[in-house]
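A.B. asks: First residue of the sequence shown? That's 1000 in my numbering, and the numbers climb one at a time after it. We put the CB at the ideal spot given by N, CA and C, even for glycine.
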Amino acid sequence: MATPRLVIVTGLSGAGKTQALRSLEDLGFFCVDNLPPALIPKFAELCAQAASKINNIALGVDIRGGEFFDTLFEVLGELNSRGIQYEILFL
1000 MATPRLVIVT
1010 GLSGAGKTQA
1020 LRSLEDLGFF
1030 CVDNLPPALI
1040 PKFAELCAQA
1050 ASKINNIALG
1060 VDIRGGEFFD
1070 TLFEVLGELN
1080 SRGIQYEILF
1090 L
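Right under this line is the structure:
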């Protein structure tokens, strides 16, 4: 199972998250905006399946997401425990 590159794009309101996602999409990333953090591990797992052709993923996470954002640190820990590497782009 190949491990896709996972970039989590987050930051303050008006910082350019949407523009960053558009740029990453232009570079060949599969982009999803406003994905609830609790779904990130399952989404990454699905993208990593052998039949998947998704090698680069960028996920937009809004820090104003209230309770969804509160779970982000737990989700990052879960990604680490599953051996899923990720990068965070904070704007």
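1. In the structure shown, what three-state DSSP assignment does Arg-1081 receive?
2. Going by the beta-carbon positions, is the gap between Pro-1036 and Val-1074 smaller than 8 Å?
3. Starting from Ile-1056 and walking both ways along the beta strand (DSSP E), at which residues does that stretch end?
4. Mind checking if Lys-1041 is an interface residue toward chain C, Cβ cutoff 8 Å exclusive?
C.D. replies: With the structure as the only source:
1. It is coil, neither helix nor strand.
2. A contact, by the Cβ cut-off of 8 Å.
3. 1055-1059 is the extent of the beta strand (DSSP E) around Ile-1056.
4. Any reference to chain C falls outside this structure, which holds one protein chain only.
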